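The structure under discussion appears below in the form of structure tokens.
Structure, rendered in structure tokens:
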């Protein structure tokens, strides 16, 4: 394995693991009852989207793929994230959470 | 597919562009991504109709299990990506070692999931307890089914790496593409079931 690609994969894995721990910390109740929170939800879903994109681009090597494949995966991810957040905001969850 | 000429995509900006693995697997991955997206969207709509119930139920889950499972799957994905790189450089023994480690991570994931389910069921949290737990057991079970199918993909990769006469880099990459899909679907499930509020 070339040192360059090995290092790049290792960095991607460290970033993914760090984001996972960060989203756990953001979403945790820190000893209190869970409260609805739009900022927490937005952060957590955005961080999940970043992780999915890193997996697709780095581990699945879509960054080496023809542009069409990258556009399709990006479009799917963007559509999913926007749909989830719009539903959250339009539902009582978002309105009450402010 | 490492042969750029076979894809007809040629070089872009001096770099060879290629579809990793068989394009059919990418079509399958996109199909699965759309199916799971529909589950996630229905979950979000239902969650919005009774957010207090979903949040109170979510609080009964142990986020440590969710985090551990996420870290295990991310580790397995990293090892699988290293396996593809090693195989590409014809270091087949190294690649084989990586696939075995991926399988161990897969078993660890499945074991953790089963232990988590048994603990929750011991606390009386069943599929029929409420709508959150129906989604929870459905999403995590259908994902675990994909992990189990992933073991077939890992078996195919092992067979390829151990067979000098019929070895195919394209098939190893195809198996890896499937395994990574299992990983990124879990990343979204973790966010929606364990940490969003």
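Chains as they are written, first to last, in this note's numbering: chain A, 1 to 98; chain B, 99 to 295. Using N, Cα and C, we set each Cβ at its ideal position, and we do this for glycine too. Only a predicted model underlies this, so the values are computations on that prediction, with no experimental measurement involved.
What's the call for residue 79/B, buried or exposed, on a 16-neighbour Cβ count within 10 Å? Residue 79/B is absent from the structure shown; chain B starts at 99 and stops at 295.
Along the alpha helix (DSSP H) that carries residue 190/B, what are the first and last residues, could you check? Taking the first residue of the second chain as position 1, residue 190/B is located at position 92. Its alpha helix (DSSP H) spans residues 190-220.
Out of 200/B, 267/B and 146/B, state which residue places its alpha-carbon closest to the alpha-carbon of residue 299/B. Given a span of 99 to 295 for chain B in the structure shown, any question on residue 299/B remains unanswerable.
Identify whether residue 278/B lies in helix, strand or coil by the three-state DSSP scheme. The residue labelled residue 278/B in the question sits at position 180 within the second chain. DSSP places residue 278/B within a helical segment (H, G or I) once states are collapsed to three.
Quick one, are the C-beta atoms of residue 277/B and residue 168/B less than 8 angstroms apart? Numbered from its first residue, the second chain carries residue 277/B at position 179. Numbered from its first residue, the second chain carries residue 168/B at position 70. Residue 277/B places its beta carbon 8 angstroms or farther from that of residue 168/B.
The region 71-83 of chain A: positions lying closer than 7 angstroms to chain B by Cβ: Result list: 72, 76, 80 and 83.
Taking 8 angstroms as the CB-CB cut-off, is residue 220/B touching chain A? On the second chain, position 122 is the one that residue 220/B refers to. Not one chain A Cβ lies under 8 angstroms of residue 220/B.
Could you check the C-alpha separation between residue 210/B and residue 242/B for me, to the nearest Å? By one-based count along the second chain, residue 210/B stands at place 112. By one-based count along the second chain, residue 242/B stands at place 144. The alpha-carbon of residue 210/B is positioned some 11 angstroms away from that of residue 242/B.
Can you look up residue 135/B in the DSSP assignment and give me helix, strand or coil? For this step, residue 135/B is matched to residue 37 along the second chain. Helix.
Any C-beta of chain B within less than 8 angstroms: which residues of the region 58-71 of chain A qualify? Result list: 58, 59, 60, 61, 62, 64, 65, 66, 67 and 69.
When you check each C-beta in the region 17-32 of chain A against every C-beta of chain B, which residues fall closer than 8 angstroms? Residues of the region 17-32 of chain A whose Cβ lies closer than 8 angstroms to any Cβ of chain B, in chain order: 17, 20, 21, 23, 24, 26, 27, 28 and 29.
Check each residue of the region 112-133 of chain B: if its Cβ is closer than 9 angstroms to any Cβ of chain A, include it; give the result in chain order. 113, 114, 115, 116, 117, 118, 119, 121, 124, 127, 128, 131 and 132: these are the residues of the region 112-133 of chain B whose beta carbon lies less than 9 angstroms from some beta carbon of chain A, given in chain order.
Within the continuous alpha helix (DSSP H) that includes residue 22/A, where are the two ends? Indexing the first chain from 1 puts residue 22/A at position 22. It spans 3-27 - the alpha helix (DSSP H) in which residue 22/A sits, taken as one unbroken run.
Residue 223/B - DSSP class collapsed to helix/strand/coil: Within the second chain, residue 223/B is the residue found at index 125, counting from 1. Correct three-state label for residue 223/B: coil.
Rounded separation between residue 67/A and residue 217/B - CA only: Here residue 67/A corresponds to residue number 67 of the first chain, with the count starting at 1. Here residue 217/B corresponds to residue number 119 of the second chain, with the count starting at 1. Residue 67/A and residue 217/B have their C-alpha atoms roughly 46 angstroms apart.
CA-CA distance, residue 274/B and residue 250/B? In the second chain, counting from the first residue as 1, residue 274/B sits at position 176. In the second chain, counting from the first residue as 1, residue 250/B sits at position 152. If I take the Cα positions, the gap works out to 11 angstroms.
How big is the Cα-Cα spacing for residue 288/B and residue 162/B? Your numbering for residue 288/B matches position 190 in the second chain. Your numbering for residue 162/B matches position 64 in the second chain. Rounded to whole angstroms, the separation of the alpha carbons of residue 162/B and residue 288/B is 11 angstroms.
Using the beta-carbon of each residue, which ones in chain A are nearer than 9 angstroms to residue 248/B? What you label residue 248/B is simply residue 150 of the second chain in a count that begins at 1. Here the premise fails: no neighbours, minimum Cβ distance about 14 angstroms.
Residue 138/B CB to nearest chain A CB: under 8 angstroms? Indexing the second chain from 1 puts residue 138/B at position 40. Yes, its Cβ sits closer than 8 angstroms to a Cβ of chain A.
For residue 190/B versus residue 252/B, is the C-beta distance shorter than 8 angstroms? Counted from its first residue, the second chain places residue 190/B at position 92. Counted from its first residue, the second chain places residue 252/B at position 154. Contact flag unset, no.
Can you list the residues of chain A that residue 286/B reaches, using a CB-CB cut of under 7 angstroms? Within the second chain, residue 286/B is the residue found at index 188, counting from 1. Residues of chain A whose Cβ lies closer than 7 angstroms to the Cβ of residue 286/B are, in chain order, 48 and 52.
Please go through the same chain and pick out, in chain order, the residues whose beta-carbon is closer than 8 angstroms to the beta-carbon of residue 127/B, but skip the five residues on each side of it. Counting from 1 along the second chain, the entry for residue 127/B is found at position 29. Spatial neighbours of residue 127/B in its own chain (CB-CB distance under 8 angstroms, excluding positions within 5 residues in sequence) are listed in chain order as 275, 276 and 279.
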